[in-house]
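Residue numbers for the sequence shown, in mature numbering (1 follows the signal peptide of the UniProt record, and there is no 0): -24 to -1, 1 to 248.
Cβ coordinates follow ideal geometry from the N, Cα and C atoms, glycine included.
Comments concern the structure below.
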Amino acid sequence: MRWIPVFLLSLFLLTAASTPLVPAVVERSFQPQFDQYGVRGSFLLYDEPAGQYVAYNLKRCRQRFLPASTFKIPNTLIGLQTGALPDTATICKWDGMKRSFQQWNQDMSYAQALRVSCVPCYQQLARRIGVARYRQWLPRLGYPGMVVTPATLDTFWLDGKSQISQFEQVNFLRRLQAETLPVEKRHQRAVQQILILKKTAEYTLYGKTGWRFRSARNPDNGWLVGWITRANGRRAFFALNIEPKPGPVNDDQFIASRRAVTEAVLRELKWL
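Structure (structure tokens):
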């Protein structure tokens, strides 16, 4: 009956070999970096060379929030892949309605619209894409938690029931950077190019901000998601989510804090 243990051992080894390893999570405190800019929240980084996550406020990193303008990343990909957006140089015509963000009050390309986070431009795009194509493509992209209905077609990423976690944001970005999404590679590369925030001889920083405006029910909520590629090929992917500390909110300070906190944490981790 010696074959039984050998068989069981073989089965165990086969199962172990076919089961993907779950990256370890190392918890770190970055509270001084958050305190410096008057915010609270969480930070998640996937260290690709180490094959592990680094998390500040791990429980919150698993919590889901509205994606706000970080949704412009999958939105652009879906637009390009479906033909609703011919290319990122396509001009979004200003509708003539003056808004508080002055940079939105003009015609602009969709590349520029992503960089200045022009909500009206992407609402125009959403109406061209339509509910059916979102429901088809969001599962294909593995971008979870979005609730798209005819009534919320041009607002579902800004308000309502749509939610995504920092882990889910990072996992999506890893596939975008690796160009393994079920979207033509030229479209994935086009989106990567317009996500570049800074390029130096030492590194390239990619990212997209998001801001869920405060309401009677909800506080401000801010995002910065992206990745950094060092000149030697090392990469790390990150997702920051923050809220102001209790008290009066300085909008300009809160807007700036998303990138400031992210870069402070990346410096602490020796990526910048």
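Paired residues, beta bridge with residue i - DSSP
i       : result
Met73   : According to DSSP, Met73 bridges with nothing at all.
Lys174  : Leu181
Thr205  : Thr180 and Arg211
Arg188  : Asn197
Ala(-1) : Gln28
Ile218  : Gly17 and Gly198
Ile67   : Ser85
Minimum C-alpha distance to residue i - residue among the options
i      : options                           : result
Pro50  : Pro115, Gln229 and Gln82          : Pro115
Thr156 : Pro126, Leu134, Leu117 and Asp135 : Leu117
Pro96  : Ala127, Gly136, Lys48 and Tyr119  : Lys48
Phe144 : Asp135, Asp130 and Met122         : The sequence given here has Glu at residue 144, not Phe. Residue Met122 is the option with its Cα nearest to Glu144.
Phe189 : Thr131, Ala240 and Ile172         : Thr131
Trp203 : Ser18, Glu24 and Pro(-2)          : Glu24
Ala44  : Cys37, Ala60, Lys221 and Gln99    : Gln99
Thr46  : Leu200, Pro224, Ser141 and Cys37  : Leu200
Leu242 : Leu20, Val15 and Pro(-2)          : Leu20
Val167 : Arg103, Leu90 and Asn81           : Leu90
Gln39  : Thr125, Tyr22 and Ser18           : Ser18
Leu171 : Lys184, Val159, Ala212 and Tyr179 : Lys184
Asn147 : Gly209, Ser93, Glu178 and Phe213  : Phe213
Arg16  : Lys137, Ala(-1), Cys37 and Ala87  : Cys37
Thr66  : Lys35, Leu101 and Asn33           : Leu101
Ala177 : Leu248, Gly136 and Ser141         : Leu248
Asn33  : Leu129, Ala240, Gln82 and Gln142  : Gln142
Pro158 : Arg109, Tyr182 and Trp113         : Trp113
Separation of residue j from residue i, as counted between CA atoms
i        : j       : result
Glu244   : Ser5    : 11 Å
Ala127   : Arg111  : 14 Å
Gln139   : Phe41   : 5 Å
Gly106   : Trp133  : 14 Å
Val2     : Pro195  : 29 Å
Gln229   : Ile218  : 12 Å
Asn197   : Trp187  : 6 Å
Tyr13    : Leu173  : 20 Å
Pro120   : Leu149  : 13 Å
Ala(-8)  : Leu152  : Its pLDDT being 47, under 50, Ala(-8) is placed unreliably in this model, and the coordinates cannot settle the point.
Arg(-23) : Leu(-4) : Its pLDDT being 47, under 50, Arg(-23) is placed unreliably in this model, and the coordinates cannot settle the point.
Ile231   : Lys175  : 21 Å
Ala215   : Pro62   : 29 Å
Arg104   : Lys246  : 43 Å
Ser85    : Pro220  : 32 Å
Ala(-1)  : Ala207  : 25 Å
Leu(-16) : Gln169  : Residue confidence for Leu(-16) is low, a pLDDT of 49 falling below 50, so the modelled location carries little weight; the figure read from the coordinates is stated next. Distance between the alpha carbons of Leu(-16) and Gln169: 49 Å.
Ser93    : Ala87   : 10 Å
Heavy atom of the ligand MG within 6 Å of residue i beta-carbon
i    : result
Ser5 : As far as ligands go, the structure on display features none, and thus does not contain the ligand MG.
* Between the region 161 to 172 and the region 53 to 67, are three or more C-beta pairs nearer than 8 Å? -> yes
* To do: Ignoring anything shorter than 3 residues or poking outside the region 13 to 55, list the beta strand (DSSP E) runs there in chain order.
  => 15 to 23 and 28 to 32
* What runs of the alpha helix (DSSP H), each 4 residues or longer, lie entirely inside the region 76 to 144? -> 86 to 91, 95 to 105 and 107 to 117
* Asked: Using 8 Å as the Cβ pair cut-off and three pairs as the minimum, do the region 18 to 35 and the region 74 to 91 touch?
  -> no
* Asked: So, do the region 9 to 16 and the region 235 to 244 have three or more beta carbon pairs nearer to each other than 8 Å?
  -> yes
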